[in-house]
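Asker: First the structure, which I've put down as structure tokens, then a few questions once you've had a look.
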Amino acid sequence: MNAKINLVSKYIFVALLVCLPLSLENCSTDRVELAEFAFNGSTMGTTYHIIITGRPIDAQERSAIATSVDSALLDFNRIYSTYEDQSEISRFNRNESIHPIPVSQKLLQVVAAGQEFCMASDGAFDITVMPIVNFFGFGFKLGENRFPTVDEIDSWLQLTGCDKLEVGDSVLTKSDPRITIDLSAIAKGDGSDYIAKFLMDKGHKNIFVEIGGEIVVHGHNKEGELWKIGIDRPTFGGSPGADLQHVIQLTNKAIASSGDYRNYREVEGKRISHTIDPRTGSPINHNLASVSVIANTCLLADGISTSVMVMGQEEGLSWLEAKDDVEGLLITREPDGSFKEYMTSGFKEYIFE
Ligand code: ADP
Ligand code: MG
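Position 182 of the sequence shown, counting from 1, maps to 182 under the working numbering, and the rest follow consecutively.
Right, dumping it as structure tokens:
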């Protein structure tokens, strides 16, 4: 089989597998190629890739679609970006009030989702993790080149936790003026859901939307098949798509991944991950190298994958297995350098190769 890779992302890439004799229109053995419009850009400190297949789309419409997607993503950044000084989240973080703070419905919805992940994961997922993220250099501040003291960790633990923020109908209330939030773990997933809905509402039925590795797919690829998505082997320094653990096939679903091998720093000679365990105030420290989660929305897949990444292989796998309509693949790094995989019982149905 000839695997043509047409898209590379953070942990996941799409391999369009050509030469399969399946037709979308009539399911005969004649291969029907759908027209394809693919475009990409940058957002949320990463890249996005979008593919629309089906009817031919002329240059004028292509440009209108690309422009509206770009502007929707700019709107996203104006709400969620902790790197933008004037974003709504940055203003909220600077607001040192313990009185209810009015926020937009968009920010409120994602914060509410974050709080649900926090409670469902017993605090493994926690949007109040910002001070710890910043200390280690994965936020908007340059990180320290040392490990924190016990006192510093203690002070963060006073400012983190699901109970530190109350979600009202149109307001958020901090329990301490110093509480700050970070939605980076779910903003890309939410953005992918948003852009997918935007395109579907415009009548596009066959779409692939990926922001920083978090993917939503509907309908079929240009060969009229299910979308094929590659899951990287979690090798430090490996380029996306160069070495695959699996190719999965998917439609009308979302997939998101978390990993320890793309975004990390070295501190005092030790490699530290951008995923923080808010319960200990430290970066995760176990052998789970990556998690890929399939769910009905990308927001769900994204929040769940980060939660599992914090929990580690054993706790993460059983937590995932207990969830309906959610499947996952976990890859651990073994002492001899090899990888071992674990999956929920339904995940294998998605495996193409
Ligand atoms: P990944 O794809 O590996 O999940 P993301 O960019 O989606 O990476 O999420 C990682 C980011 O989420 C970190 O850079 C940090 O800003 C934030 N984060 C880290 N640990 C947690 C946590 N336990 N709960 C919520 N957000 C976290
Ligand atoms: Mg994520």
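Just so you know, even glycine gets a beta-carbon here, dropped at the ideal spot from N, CA and C.
(1) By a C-beta neighbour count over all protein chains shown, 10 Å radius and 16 as the cutoff for buried, is residue 134 buried or exposed?
(2) Can you tell me which of the three DSSP states residue 115 falls into?
(3) If you draw a straight line from the alpha carbon of residue 118 to that of residue 102, how long is it in whole angstroms?
(4) Would the beta-carbon of residue 186 fall within 7 Å of that of residue 302?
(5) With H, G and I counted as helix, E and B as strand and the rest as coil, what does DSSP make of residue 169?
(6) Is any heavy atom of the ligand MG found at a distance shorter than 6 Å from the C-beta of residue 254?
(7) Hey, which unbroken runs of the alpha helix (DSSP H) at 4 residues or more fall wholly within the segment 92 to 143?
(8) What whole-angstrom Cβ distance do residue 111 and residue 167 have, given they're in contact under 8 Å?
(9) In angstroms with no decimal places, state the Cα-to-Cα distance between residue 314 and residue 193.
(10) Near residue 87, what residues of its chain come up, given a Cβ to Cβ distance below 7 Å and the 5 sequence neighbours on each side ignored?
(11) Can you list the alpha helix (DSSP H) stretches of 4 or more residues lying completely in the segment 213 to 249, in chain order?
(12) What residue range is occupied by the uninterrupted alpha helix (DSSP H) comprising residue 194?
(13) Which ranges does the beta strand (DSSP E) cover as unbroken runs of at least 3 residues, wholly within the segment 252 to 298, from first to last along the chain?
(14) Given a threshold of 16 other Cβ atoms within 10 Å of its Cβ, counted over all protein chains shown, does residue 41 qualify as buried or as exposed?
(15) Per DSSP, what kind of secondary structure is residue 160 in: helix, strand or coil?
(16) When a residue counts only if its C-beta is closer than 7 Å to some heavy atom of the ligand MG, which residues count, in chain order?
(17) I'd like to confirm something about residue 294: is its beta-carbon nearer than 6 Å to some heavy atom of the ligand ADP, or not?
(18) Below 8 Å on the Cβ atoms is my contact criterion, and I expect residue 50 with residue 195 to pass it. Report the Cβ-Cβ distance as a whole number of Å.
(19) Taking the C-alpha atoms as reference points, what is the distance between residue 201 and residue 46?
(20) Determine the closest residue to residue 105 out of 89, 238, 97, 98, with distance taken between C-alpha atoms.
(21) Verify the contact flag: residue 286, CB atom, against every heavy atom of the ligand ADP, threshold strictly below 6 Å.
(22) Are at least three pairs of beta-carbons, each pair with one atom in the segment 221 to 232 and one in the segment 264 to 277, less than 8 Å apart?
(23) Are the beta-carbon atoms belonging to residue 265 and residue 137 less than 7 Å from one another?
(24) My output table needs one value for residue 23: the three-state DSSP class, helix, strand or coil.
(25) Helix, strand or coil for residue 90? Go by DSSP, reduced to three states.
(26) Can you check DSSP and say which residues form a bridge with residue 206?
(27) From the DSSP output, in three-state form, read off residue 305 for me.
(28) Assuming the contact rule is C-beta atoms closer than 8 Å, residue 199 and residue 350 should be a hit. Round their C-beta distance to whole Å, please.
(29) Nearest to residue 61 by alpha carbon, out of 141, 74, 39, 151?
Answerer: The relevant details are as follows:
(1) Start at 1 with the first residue of the sequence shown, and residue 134 comes out as number 134. So residue 134 ends up on the buried side.
(2) Here residue 115 refers to the residue found at position 115 of the sequence shown. Note: residue 115 maps to helix in three-state DSSP.
(3) Your numbering for residue 118 matches position 118 in the sequence shown. Your numbering for residue 102 matches position 102 in the sequence shown. Their backbone Cα atoms lie some 22 Å apart in a straight line.
(4) As a first step, residue 186 is located in the sequence shown; it is residue number 186 there, counting from the start. As a first step, residue 302 is located in the sequence shown; it is residue number 302 there, counting from the start. Result yes, Cβ atoms of residue 186 and residue 302 sit closer than 7 Å.
(5) Taking the first residue of the sequence shown as position 1, residue 169 is located at position 169. Note: residue 169 maps to coil in three-state DSSP.
(6) Residue numbering aside, residue 254 sits at position 254 when the sequence shown is read from its first letter. Residue 254 Cβ: outside cutoff for every heavy atom of the ligand MG.
(7) The qualifying runs are 105 to 120, 130 to 135.
(8) In the sequence shown, counting from the first residue as 1, residue 111 sits at position 111. In the sequence shown, counting from the first residue as 1, residue 167 sits at position 167. The Cβ separation is near 6 Å, so the contact holds.
(9) In the sequence shown, counting from the first residue as 1, residue 314 sits at position 314. In the sequence shown, counting from the first residue as 1, residue 193 sits at position 193. Those two C-alpha atoms are separated by around 29 Å.
(10) Counting from one through the sequence shown, the residue named residue 87 turns up at place 87. Counting only Cβ-Cβ distances below 7 Å, and skipping sequence neighbours, we find 77, 78, 79, 80, 81.
(11) Scanning the segment 213 to 249 for uninterrupted alpha helix (DSSP H) segments of 4 residues or longer gives nothing; none is fully contained.
(12) Residue 194 sits at position 194 when you count from the first residue of the sequence shown. For residue 194, the enclosing alpha helix (DSSP H) has its first and last residue at 184 to 201.
(13) The DSSP assignment places 253 to 259, 264 to 267, 270 to 273, 288 to 295 as complete runs of the beta strand (DSSP E) inside the segment 252 to 298, in order along the chain (cut-off: 3 residues).
(14) Here residue 41 is taken as the residue at index 41 of the sequence shown, counted from 1. Exposed, because fewer than 16 other Cβ atoms sit within 10 Å of the Cβ of residue 41.
(15) Start at 1 with the first residue of the sequence shown, and residue 160 comes out as number 160. Coil.
(16) Each of 185, 186, 188, 189, 214, 256, 258, 302, 305, 306 has a C-beta closer than 7 Å to some heavy atom of the ligand MG; these make up the full list, in chain order.
(17) On the sequence shown, residue 294 is found 294 positions in, with the first residue counted as 1. For residue 294, the distance from the CB to the nearest heavy atom of the ligand ADP is not below 6 Å.
(18) Residue mapping note: residue 50 aligns to position 50 of the sequence shown, counting from 1. Residue mapping note: residue 195 aligns to position 195 of the sequence shown, counting from 1. Sure, about 7 Å apart at Cβ, within 8 Å.
(19) Within the sequence shown, residue 201 is the residue found at index 201, counting from 1. Within the sequence shown, residue 46 is the residue found at index 46, counting from 1. Whole-angstrom Cα-Cα distance: 25 Å.
(20) The residue labelled residue 105 in the question sits at position 105 within the sequence shown. It is 89 whose Cα lies nearest to the Cα of residue 105.
(21) As a first step, residue 286 is located in the sequence shown; it is residue number 286 there, counting from the start. Not one heavy atom of the ligand ADP lies closer than 6 Å to the C-beta of residue 286.
(22) The answer is no - the segment 264 to 277 does not touch the segment 221 to 232, with fewer than three Cβ pairs under 8 Å.
(23) In the sequence shown, residue 265 corresponds to position 265, counting from 1. In the sequence shown, residue 137 corresponds to position 137, counting from 1. A contact, by the Cβ cut-off of 7 Å.
(24) In the sequence shown, the residue the question calls residue 23 occupies position 23. Its pLDDT being 33, under 50, residue 23 is placed unreliably in this model, and the coordinates cannot settle the point.
(25) By one-based count along the sequence shown, residue 90 stands at place 90. Of the three classes helix, strand and coil, the one that applies to residue 90 here is helix, per DSSP.
(26) Reading the sequence shown from its first residue, position 206 is the one you call residue 206. The partner list for residue 206 (beta bridge, DSSP) reads 53.
(27) Start at 1 with the first residue of the sequence shown, and residue 305 comes out as number 305. Helix, per DSSP.
(28) Taking the first residue of the sequence shown as position 1, residue 199 is located at position 199. Taking the first residue of the sequence shown as position 1, residue 350 is located at position 350. About 23 Å separates the two Cβ atoms, so there is no contact after all.
(29) On the sequence shown, position 61 is the one that residue 61 refers to. Among 141, 74, 39, 151, the Cα nearest to that of residue 61 is on 39.
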